[in-house]
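In our numbering, the protein residues as written are 3 to 147.
Cβ coordinates follow ideal geometry from the N, Cα and C atoms, glycine included.
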Amino acid sequence: MAENYLVIWVDGNIDMANQDCQNTMEQLRAVVNQVNPCKTPEQCVQMLMENQEEISFVISSGAFGQHLVPDIHDMAKLNAIFIFCGNKQRHQVWAQNWPKIKGVHTTIKHICDKLATAIKQYNQDHMSHPTPFGGIHANVLPTKC
Numbered sequence: 003m004a005e006n007y008l009v010i011w012v013d014g015n016i017d018m019a020n021q022d023c024q025n026t027m028e029q030l031r032a033v034v035n036q037v038n039p040c041k042t043p044e045q046c047v048q049m050l051m052e053n054q055e056e057i058s059f060v061i062s063s064g065a066f067g068q069h070l071v072p073d074i075h076d077m078a079k080l081n082a083i084f085i086f087c088g089n090k091q092r093h094q095v096w097a098q099n100w101p102k103i104k105g106v107h108t109t110i111k112h113i114c115d116k117l118a119t120a121i122k123q124y125n126q127d128h129m130s131h132p133t134p135f136g137g138i139h140a141n142v143l144p145t146k147c
């Protein structure tokens, strides 16, 4: 299980009393220790700004992603964005213009697979190019939106 990353799930329909949301969170937590749910794009941006030292990954609904991605794409510590939606074709049109978007997905399993791959790739890239301070050792803060 990956640690030391900020993973944000932003979707206006997040309701942790809902079984689907609980299942989604459970599957994501099988990949990373902490997932930070946000119900608005503004909460997501704020969380990214407050945690600029951590490598970040964002999972966004398609509806929010189209407006959120231009605001966050150029953040240095943002490694990857995953779009989680019900209409893949509709969101692939705009998503293809943003290199940090690692796909438009209709199932959480695909996102979990891609997130695990992105974390593994990040770790490999930074093992072969160590930082002068021995790497990043920040822990994910258990913050909530």
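Check: What are the uninterrupted segments assigned as beta strand (DSSP E) that are 3 or more residues long and contained completely in the region 55 to 118, given in chain order?
Finding: 57 to 63, 80 to 86 and 103 to 107
Check: Within the chosen definition, does the region 72 to 80 reach the region 22 to 42 through at least 3 CB pairs nearer than 8 Å?
Finding: no
Next item on the list: Whole angstroms is fine: what's the gap from N99's alpha carbon to Q68's?
Entry: As a first step, residue 99 must be located in the sequence shown, where it is residue number 97. As a first step, residue 68 must be located in the sequence shown, where it is residue number 66. Whole-angstrom Cα-Cα distance: 11 Å.
Next item on the list: Go ahead and pull the three-state DSSP assignment for N20.
Entry: The residue labelled residue 20 in the question sits at position 18 within the sequence shown. Looking at N20 - three-state DSSP - the assignment turns out to be coil, as it is neither helix nor strand.
Notebook entry, point to check: Which value, in whole angstroms, describes the spacing of the CA atoms of C123 and K116?
Noted result: Translated into the one-based positions of the sequence shown, residue 123 becomes position 121. Translated into the one-based positions of the sequence shown, residue 116 becomes position 114. Sequence inspection shows Gln at residue 123; the Cys mentioned does not correspond to that position. If you take the alpha carbons of Q123 and K116, they lie about 10 Å apart.
Notebook entry, point to check: With 16 as the cutoff for other CB atoms within 10 Å, does E56 come out buried or exposed?
Noted result: To locate residue 56, count along the sequence shown from 1; it is residue 54. E56 should be labelled buried.
Margin query: Which residue marks the beginning of the alpha helix (DSSP H) containing V12, and which one marks its end?
Written below: By 1-based counting over the sequence shown, the position of residue 12 is 10. Run containing V12: none in the alpha helix (DSSP H); it sits in the beta strand (DSSP E), Y7 to V12.
Next item on the list: Determine the direct distance from the alpha carbon of D17 to that of N81, and round the result to whole angstroms.
Entry: Taking the first residue of the sequence shown as 1, we reach residue 81 at position 79. Taking the first residue of the sequence shown as 1, we reach residue 17 at position 15. The alpha-carbon atoms of N81 and D17 are separated by roughly 26 Å.
Item checked: Helix, strand or coil at V34 [DSSP, three-state] -> As a working note, residue 34 is residue 32 in the sequence shown. In this structure, V34 counts as strand in the three-state DSSP scheme.
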